[in-house]
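**Student:** In case it helps, the working numbering puts the sequence shown at residues 15 to 280. Glycine included, every Cβ here is placed at the ideal spot set by N, Cα and C. As the structure is a prediction and not an experimental result, all values here were calculated from the model. Let me begin by handing over the structure; questions about it come next.
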Amino acid sequence: MTDEPHLLTEEIDGILVASLNRPDKLNALSGETMALLEAALDRFRDTPELRVMLIRGNGRYFCSGADMRGGSPKASPRTASGIRENHRRGLHGMHRIYDEMEHVEKPIVCAIHSVCVGGGLELALSCDFRLAAKSAAFSFPEGLFGVLPASNGVSRLTRICGPHWARWLIMGNQKADADKALVMGLVHDVLPDEGFAEAALDFCRHLTRSDPEQMGAAKIAIEMAADLGPEMGRHVERMANSALMLNPAYLARIEEYVKGIGAKKD
């Protein structure tokens, strides 16, 4: 047993690092974990100096999923409609928190160093970038109990990897190692185990150098374009750039760039 918080946070070079911190429970997501994660997310969103959020795990698992033994603030519902409402509003606020992770106009990176299953995988799917160590592994064990992963598991996985691989993980009840996850499009990159934590931080440092207005607009535009046809998607691009190209930071960079070209010609 430990009295340490279930989530630890620290600020590093404009990055808010949030570390799942229940190594003795394989970082199972408790009510305390989710409350602290929501508080960290609010702090990240509302602090201009924080440019990137990094979520990682302490111990031998990244996350073993929801804490099945941690209890719930309400009794388990016994009707179909009650279960649906519990998924939407209960489960320690998972739906609300994961939605906010998707909506906040700053990049969130997930560094998965080991096993990532169930609710932990749903957490990772809600991030903008997923980096995996070579020893990472992914699965949705919910099928073993005859249910679906219902806090982003089906919807976000299908959106990211497509129905082909969603069937593999959810209907086929298959596991994916890091290399398989890269093929599926589940993760963006696979990195060596040695030095993984620092490599993830370096990627976050790279993101902090991007213009925050461009980053926010890109996050919204990409999400919208995923649901629209090519023509409407181009309208989204144009609309976003009509604001970005009036940004003083953009105008200053363009002026500097043009001056640089002129200097080279001279």
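Is the Cβ-Cβ distance between ARG70 and ALA125 less than 8 angstroms?
**Tutor:** yes
**Student:** How is the beta strand (DSSP E) around ILE122 delimited, first residue to last?
**Tutor:** 122-126
**Student:** Between the Cα of LEU22 and the Cα atoms of LEU34, GLY28, SER128, which residue gives the shortest distance?
**Tutor:** LEU34
**Student:** For VAL204, tell me which candidate among LYS148, ALA53, LEU30 has the shortest Cα-Cα distance.
**Tutor:** LYS148
**Student:** Work out the CA separation of ILE184 and PHE154 for me, nearest whole Å.
**Tutor:** 6 angstroms
**Student:** Distance, Cα to Cα, LEU162 vs ASP191?
**Tutor:** 21 angstroms
**Student:** Which value, in whole angstroms, describes the spacing of the CA atoms of MET48 and LEU171?
**Tutor:** Pairing MET48 with LEU171, the inter-Cα distance amounts to about 21 angstroms.
**Student:** Return helix, strand or coil for LEU139, following the three-state DSSP convention.
**Tutor:** When DSSP states are grouped into helix, strand and coil, LEU139 belongs to the helix group.
**Student:** Where THR93 and GLU99 are concerned, what is the direct C-alpha to C-alpha distance, given to the nearest angstrom?
**Tutor:** Straight-line Cα distance between these residues: approximately 10 angstroms.
**Student:** Rounded to whole angstroms, what is the Cα-Cα separation between LEU43 and LEU135?
**Tutor:** 11 angstroms
**Student:** Express the C-alpha separation of TRP179 and LEU215 in angstroms, rounding to a whole number.
**Tutor:** 29 angstroms
**Student:** Any idea if LEU265 is buried or exposed, counting beta-carbon neighbours within 10 angstroms, 16 or more meaning buried?
**Tutor:** exposed
**Student:** Check whether the Cβ atoms of HIS117 and ALA150 lie closer than 8 angstroms to each other.
**Tutor:** no
**Student:** Per DSSP, what kind of secondary structure is ARG65 in: helix, strand or coil?
**Tutor:** Of the three classes helix, strand and coil, the one that applies to ARG65 here is coil, per DSSP.
**Student:** Starting from the Cα of ALA138, find the closest Cα among MET67, GLY96, PHE159 and give me that residue.
**Tutor:** MET67
**Student:** So PHE143 packs on HIS202, CB below 8 angstroms; how close in whole Å?
**Tutor:** 5 angstroms
**Student:** In angstroms with no decimal places, state the Cα-to-Cα distance between MET15 and TYR112.
**Tutor:** In this prediction, MET15 has a pLDDT of 47, which is less than 50 and means its spatial position is unreliable; what the coordinates show is noted afterwards. Roughly 28 angstroms separates the two Cα atoms.
**Student:** Should LEU242 be labelled buried (16 or more other beta-carbon atoms within 10 Å of its own) or exposed?
**Tutor:** It counts as exposed.
**Student:** Any idea which residues DSSP pairs ARG144 with across the strands?
**Tutor:** CYS124, per the DSSP bridge assignment.
**Student:** State the Cα-Cα distance for the pair GLY28 and SER95, rounded to the nearest angstrom.
**Tutor:** 43 angstroms
**Student:** At what residues does the alpha helix (DSSP H) containing SER169 begin and finish?
**Tutor:** 167-180
**Student:** As a quick exercise: from ASP56, LEU258, ARG267, pick the residue whose alpha carbon is nearest that of ARG110.
**Tutor:** ASP56
**Student:** Skipping 5 residues on each side, what residues in its chain have a beta carbon closer than 6 angstroms to that of PRO87?
**Tutor:** Reliability fails at PRO87, whose pLDDT of 49 lies under 50, so the model's placement of it is uncertain and the value that follows must be treated cautiously. Contacts found: none.
**Student:** Find the nearest neighbour of VAL197 within the set CYS175, GLN188, PRO226, GLY160, judged by alpha-carbon distance.
**Tutor:** CYS175
**Student:** Have a look at LYS233, PRO226, VAL123 and flag the residue whose alpha-carbon is nearest the alpha-carbon of ASN261.
**Tutor:** Taking only the C-alpha atoms, the option nearest ASN261 is PRO226.
**Student:** In terms of residue numbering, what span does the alpha helix (DSSP H) encompassing ALA239 cover?
**Tutor:** 226-241
**Student:** Take GLY79 and list the residues in its own chain whose beta-carbon comes closer than 6 angstroms to its own, dropping the five residues that flank it on each side.
**Tutor:** VAL131, GLY132, GLY133, GLY134
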